[in-house]
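K.L.:
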Ligand code: COA
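Numbering (the working numbering), first residue to last: 536 to 867.
This is the structure:
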């Protein structure tokens with residue numbers, strides 16, 4: 536039994552928050568943001584539009600593109616750090632209900648920006664063990680709900696969106712996912728943290744007064760560690776599988792900052808054509824960033840059936856993960 540990457544879908548809300556808009560909100564400039572991050576604009580969920588709404592649209596597309604019925608899905612995994620509810624129920628349960636998928640196992644994964652690749656590893660394990668046949672994995676975030684739009688060091692970076700994929704069983708080894716590495720180091724927990732709500736800081740007036748419900752980031756330290764970890768991670772997975780970076784048509788790194796993407800791409804001697812970049816138009820959408828990027832190259836016709844994808848991601852936790860796999864869906 537092997538697991539194959541069967542289909543992709545994504546959703547980006549229509550509301551655009553541009554660098555020029557941010558100039559009116561905090562002390563920043565379009566020039567500074569573009570130069571330091573490569574981001575021009577990001578999408579923001581509409582009024583009343585929540586994480587599960589975006590996830591459901593992306594999932595519907597992915598299931599349709601896999602040529603499956605909703606009833607074929609036997610596991611729903613949602614990676615998010617901006618769930619509909621912070622305690623319960625899980626966003627995966629809400630997504631299943633909105634899709635009309637009944638009586639399936641459904642749960643969330645919290646691995647911040649690494650969430651989608653973590654979910655991919657869960658789907659692979661469930662399928663290869665023979666427990667499930669068609670797993671819906673979703674990366675969805677409404678980061679605008681935890682961003683402080685008076686903090687110029689974070690509000691310029693993040694956006695909202697969702698991406699989803701169906702991972703299916705196959706007996707054909709040529710379609711199979713090749714390898715996934717996923718790891719974490721909690722000693723860097725304070726690099727990227729949303730201090731509340733949680734058992735350390737339950738909801739209180741102090742939480743509101745001190746803005747502890749907003750994401751906090753050690754930007755510069757995170758930047759340096761991201762470049763180092765992402766580079767080592769991809770070099771390791773390529774070496775372990777005896778694949779040369781020049782033989783990867785699609786390197787799809789987490790979309791956090793163009794400078795990070797460029798540094799890792801250069802370290803791997805990747806050409807511009809090999810490296811997928813969507814951060815300019817979506818910003819950092821955390822767990823949604825990689826599936827939204829895969830969807831972009833799928834919809835533009837760049838991603839063809841059988842072509843190798845190398846995924847690489849890094850996020851709060853700290854967590855990181857990489858994956859090497861062919862696209863096993865039909866070419867658009
Ligand atoms: N506009 C203008 N100036 C800003 C600014 C903004 N939006 N944000 C910060 N600055 C200022 C700082 O106050 C600082 O000023 P000072 O020198 O007078 O103290 C200066 O710019 C440099 O700040 P620094 O944080 O060192 O900049 P940087 O080059 O590291 O860029 C980030 C900041 C956030 C863009 C960058 O650190 C980054 O992208 N980090 C990684 C973030 C990330 O990937 N997070 C998610 C991981 S999944």
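Don't be surprised by glycine CBs; every beta carbon is placed ideally from N, CA and C.
The structure presented is a predicted model; accordingly, all values stated were derived computationally and were not measured.
In angstroms with no decimal places, state the Cα-to-Cα distance between residue 618 and residue 709.
P.N.:
Answer to the nearest angstrom: the Cα atoms are 36 angstroms apart.
K.L.:
For residue 714 and residue 732, I'd like the C-alpha separation in whole angstroms.
P.N.:
Answer to the nearest angstrom: the Cα atoms are 35 angstroms apart.
K.L.:
Using a Cβ-Cβ cutoff of less than 7 angstroms, which residues in the same chain neighbour residue 603 once the five nearest sequence positions on both sides are dropped?
P.N.:
Excluding residues within five positions, the ones whose Cβ falls inside 7 angstroms are 669 and 701.
K.L.:
Look at the alpha carbon of residue 650 and the alpha carbon of residue 564, and state the distance between them as a whole number of angstroms.
P.N.:
Taking the straight line from one Cα to the other gives about 31 angstroms.
K.L.:
Using a Cβ-Cβ cutoff of less than 8 angstroms, which residues in the same chain neighbour residue 832 once the five nearest sequence positions on both sides are dropped?
P.N.:
Within the same chain, residue 832 has close Cβ partners 785, 787, 811 and 838.
K.L.:
CB-CB under 7 angstroms to residue 585, same chain, minus the five flanking residues each way: which ones, in chain order?
P.N.:
Contacts found: 619 and 677.
K.L.:
Considering residue 844, what are the terminal residues of the beta strand (DSSP E) in which it resides?
P.N.:
Looking at the DSSP string, the run of the beta strand (DSSP E) that includes residue 844 is 843 to 850.
K.L.:
Going by the CB atoms, is the gap between residue 608 and residue 814 shorter than 8 angstroms?
P.N.:
Cβ atoms of residue 814 and residue 608: not closer than 8 angstroms.
K.L.:
On a CA-only basis, which of 852, 798 and 840 is nearest residue 822? Give me that one, please.
P.N.:
Minimum Cα distance to residue 822 is reached at 852.
K.L.:
Please name the residue in 576, 725, 867 and 844 whose C-alpha comes closest to that of residue 836.
P.N.:
That would be 867, whose Cα lies nearest to the Cα of residue 836.
K.L.:
With distances taken from CA atoms, which of 774, 844 and 819 is nearest residue 808?
P.N.:
The candidate whose alpha carbon is nearest that of residue 808 is 844.
K.L.:
Cα-Cα, which of 612, 697, 769 and 555 is closest to residue 827?
P.N.:
Per the Cα distances, 697.
K.L.:
Can you check DSSP and say which residues form a bridge with residue 706?
P.N.:
DSSP lists no partner for residue 706.
K.L.:
Using the three-state DSSP reduction, which class does residue 805 fall into: helix, strand or coil?
P.N.:
Coil, per DSSP.
K.L.:
For the candidate residues 767, 841 and 856, whose alpha-carbon lies nearest to that of residue 789?
P.N.:
Comparing Cα-Cα distances from residue 789 to each of 767, 841 and 856, the minimum goes to 856.
K.L.:
Around the C-beta of residue 578, are 16 or more other C-beta atoms found within 10 angstroms, so that it is buried, or is it exposed?
P.N.:
By the neighbour-count rule (16 or more Cβ atoms within 10 Å), residue 578 is buried.
K.L.:
Out of 705, 555, 726 and 798, which one is the CA nearest neighbour of residue 664?
P.N.:
It is 705.
K.L.:
With DSSP as the reference, label residue 857 as helix, strand or coil.
P.N.:
Note: residue 857 maps to strand in three-state DSSP.
K.L.:
Measuring only the C-alpha atoms, how far is residue 795 from residue 803?
P.N.:
Taking the straight line joining both Cα atoms gives about 13 angstroms.
K.L.:
For residue 682, report the span of its beta strand (DSSP E) as first-last.
P.N.:
Counting along the chain, residue 682 falls outside any beta strand (DSSP E), and DSSP gives it neither H nor E.
K.L.:
Could you tell me if the beta carbon of residue 572 falls within a distance shorter than 7 angstroms of some heavy atom in ligand 1?
P.N.:
For ligand 1, at least one heavy atom lies less than 7 angstroms from the Cβ of residue 572.
K.L.:
Quick one: using the 10 Å Cβ neighbour count with 16 as the cut-off for buried, is residue 738 buried or exposed?
P.N.:
Classification for residue 738: exposed.
K.L.:
From which residue to which residue does the beta strand (DSSP E) around residue 538 run?
P.N.:
Run containing residue 538: 537 to 546, per the beta strand (DSSP E) assignment.
K.L.:
Pull up the distance between the alpha-carbon of residue 593 and that of residue 551, whole angstroms please.
P.N.:
When rounded, the distance between both Cα atoms is 18 angstroms.
K.L.:
Based on the DSSP output, what are the partners of residue 752 in its beta bridges?
P.N.:
For residue 752, which the question treats as bridged, DSSP gives the partners 727.
K.L.:
Considering Cα atoms alone, identify which of 765, 830, 631 and 825 is closest to residue 800.
P.N.:
Minimum Cα distance to residue 800 is reached at 765.
K.L.:
Quick one: Cα of residue 783 to Cα of residue 744, how far?
P.N.:
Spanning the two alpha carbons is a distance of roughly 49 angstroms.
K.L.:
Which ranges would you report for the beta strand (DSSP E) in the region 753 to 822 if only whole runs of at least 3 residues count?
P.N.:
For the region 753 to 822, whole beta strand (DSSP E) runs of length 3 or above, ordered along the chain, are 785 to 788.
K.L.:
On the DSSP bridge assignment, give the partners of residue 696 in chain order.
P.N.:
Note: residue 696 sits in a beta bridge opposite 676.
K.L.:
Mapping DSSP to helix, strand and coil, what is residue 576?
P.N.:
Three-state DSSP puts residue 576 in a strand.
K.L.:
With hydrogens ignored, establish whether the beta-carbon of residue 755 is closer than 7 angstroms to any heavy atom of ligand 1.
P.N.:
Result yes, Cβ under 7 angstroms from ligand 1.
K.L.:
Using a Cβ-Cβ distance under 8 angstroms, would residue 739 count as near chain B?
P.N.:
Chain labels in this structure do not include chain B; a single protein chain is all it has.
K.L.:
Just curious, the beta strand (DSSP E) that residue 644 is in, first and last residue?
P.N.:
Unbroken beta strand (DSSP E) run through residue 644: 640 to 644.
K.L.:
Please tell me whether, using a cut-off of 7 angstroms, the distance from the CB of residue 586 to the nearest non-hydrogen atom of ligand 1 is below it.
P.N.:
Outside the cutoff, so no.
K.L.:
Quick one: using the 10 Å Cβ neighbour count with 16 as the cut-off for buried, is residue 755 buried or exposed?
P.N.:
The residue in question, residue 755, is exposed, as its Cβ has fewer than 16 Cβ neighbours within 10 Å.
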